[in-house]
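Residue numbers (our numbering), protein chains in the order written: chain A, 717 to 909; chain B, 717 to 909.
There are 2 protein chains.
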Amino acid sequence: MACRAKDPFKDLWALPGGFVGIEESLEECANRKLTEKTGAQNVYLEQLYSFGAINRDPRERVISVAYFSLVPFEKLTFEKQAATEKTQWYAIHQLPTLAFDHRQIIRAAHHRLVAKLEYSTVGLSLLPDAFTLSHVQDMYEIVSGKARDKRNFRKWLLGLNVIEETGGMQSDGAHRPAKLYRRKNPNETSLFR
Amino acid sequence: MACRAKDPFKDLWALPGGFVGIEESLEECANRKLTEKTGAQNVYLEQLYSFGAINRDPRERVISVAYFSLVPFEKLTFEKQAATEKTQWYAIHQLPTLAFDHRQIIRAAHHRLVAKLEYSTVGLSLLPDAFTLSHVQDMYEIVSGKARDKRNFRKWLLGLNVIEETGGMQSDGAHRPAKLYRRKNPNETSLFR
DNA sequence: GCAAAAGTGTTACGCGTACACCCATGG
DNA sequence: CCATGGGTGTACGCGTAACACTTTTGC
């Protein structure tokens, strides 16, 4: 989220965005904007939807082709911009009042992501290079808002044959260390079904 | 398909389309264009994808927000335009060479529709007000290119609870007449799962 | 009577779901 | 030793998939 410095919607938070250059594709533009704002590169990026209601920008007619990205937390370097532009992250269920129709856009993205968790493994793009099975389950539960059975979740996830053990372990705190896993093909979109 | 009278892609077939008016939403524009070309009204319409490659139109930069519609054959009155504009229908697997990136657009629409048949009942929008169970199965098999078991298909379809018998029968040819059905809520998008 | 499509049930298998206890570690 | 999260197997039920014969009609 970036805080708007000017009207309309001054001081409200808005999704990062911008105008498509004449010599870049929609996807290139989305990638460029993403990198400018967050530093993230080579991450999952998907076109979400195009929003074209007549008065969605009170100043003039604007049609927005929305994209969403799945970025591991580690790849974010948003501290850079913190000084110049006010940029901040919000949890999906603690959104402030947003500018334009950006709340609707976020709802659509969230909805899409929840659906995709069920039939694809793109969700793994949200995790770092090495992760524990509990990390994966936590991510699924947080995104979908739905608790899952640990044994069933692991059986399902391992059965997909898309992750493998790194051999490493992660110790954090007063409990048994967890095996670390990695994606077998980090660059595959890996749909299944 | 409309045949292009001018370059670029003169004499090739192209999807109907046009520019969004300043005072209409994307969906209104798609609906307007659809009605102009086919006469269809009040039909299922869904945004497909936005295509924005840099050189997809060799003349100038054009970004297209593609929509697709599901129209029962009976609602088409494309004879009207046949005189003025050359308009024609093609089967999905017998497409001629197309202008621009329109083949890619059709592939995307077909792919989306095949997927939707699995988890929604929008496909029924392609059928007339009254139809037989065999009509439904034929439509599913034609769209998805996949044969289905008659008993399983009927069990599944009737179990969805979205169609009901009209009471009428259809006799056509030297065989047992078939019961006619209709959608219970023709205007519901009726997702399930 | 014969060709052509309509209509109709049962069985088997696989997958998803429910469920509880021991293990390894840090403090 | 205790608190904390990691790790593991089985049984049941439901839904999907496989499968073949009778019925009604027009000619």
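Note that CB positions come from ideal geometry on N, CA and C, so glycine has one too.
Asked: Residues that DSSP places opposite A718/B in a beta bridge; Found: A730/B and T803/B
Asked: Within chain A, partners of E739/B - CB distance below 9 angstroms; Found: I770 and R777
Asked: C-beta atoms of K900/B and E881/B nearer than 8 angstroms; Found: no
Asked: Proximity test, Cβ basis, 8 angstroms: Q763/B and chain A; Found: yes
Asked: For V759/A and E790/A, the rounded distance between their alpha carbons; Found: 12 angstroms
Asked: Contact set for I770/A: own chain, Cβ-Cβ below 8 angstroms, skip 5 residues either direction; Found: R777
Asked: Limits of the unbroken beta strand (DSSP E) element including R898/B; Found: A894 to R899
Asked: Neighbour flag for V781/A against chain B, beta carbons, 8 angstroms; Found: yes
Asked: Residues that S836/A contacts on chain B, provided the C-beta gap is smaller than 8 angstroms; Found: Ordered by position in chain B, no residue passes the 8 angstroms Cβ test against S836/A, which lies about 12 angstroms from the chain.
Asked: Residue-chain proximity (L792/B, chain A), Cβ-Cβ < 8 angstroms; Found: no
Asked: One or two residues paired with A846/B in a DSSP bridge; Found: A846/B pairs with nothing; no bridge assigned.
Asked: Whole-angstrom distance between A890/A and S741/B, CA atom to CA atom; Found: 57 angstroms
Asked: C-beta neighbour in chain B for V878/A, strict 8 angstroms; Found: no
Asked: Endpoints, beta strand (DSSP E) assigned at A782/A; Found: S780 to L786
Asked: Beta-carbon proximity of R775/A to P732/A, cut-off 8 angstroms; Found: no
Asked: Environment of S841/A [buried if 16+ CB atoms lie within 10 Å]; Found: buried
Asked: Per-residue burial, P768/B [other beta carbons within 10 Å of its own, 16 or more giving buried]; Found: The identity of residue 768/B in the sequence shown is Gly, whereas the question assumes Pro. Result: buried.
Asked: I821/A burial status per 10 Å Cβ neighbour count (16 or more: buried); Found: buried
Asked: Partner residues on chain B for S887/A, Cβ-Cβ distance less than 7 angstroms; Found: None at all; the shortest Cβ gap to chain B is about 41 angstroms.
Asked: Endpoints, the beta strand (DSSP E) within which L761/A is located; Found: Y760 to F767
Asked: Rounded C-alpha distance that separates L849/B from W729/B; Found: 34 angstroms
Asked: Coarse secondary structure for N903/A, derived from DSSP in three states; Found: coil
Asked: Coil, strand or helix - S836/A by DSSP; Found: strand
Asked: C-beta neighbour in chain A for L750/B, strict 8 angstroms; Found: no
Asked: Cα-Cα separation between D865/B and T754/B, rounded to whole angstroms; Found: 34 angstroms
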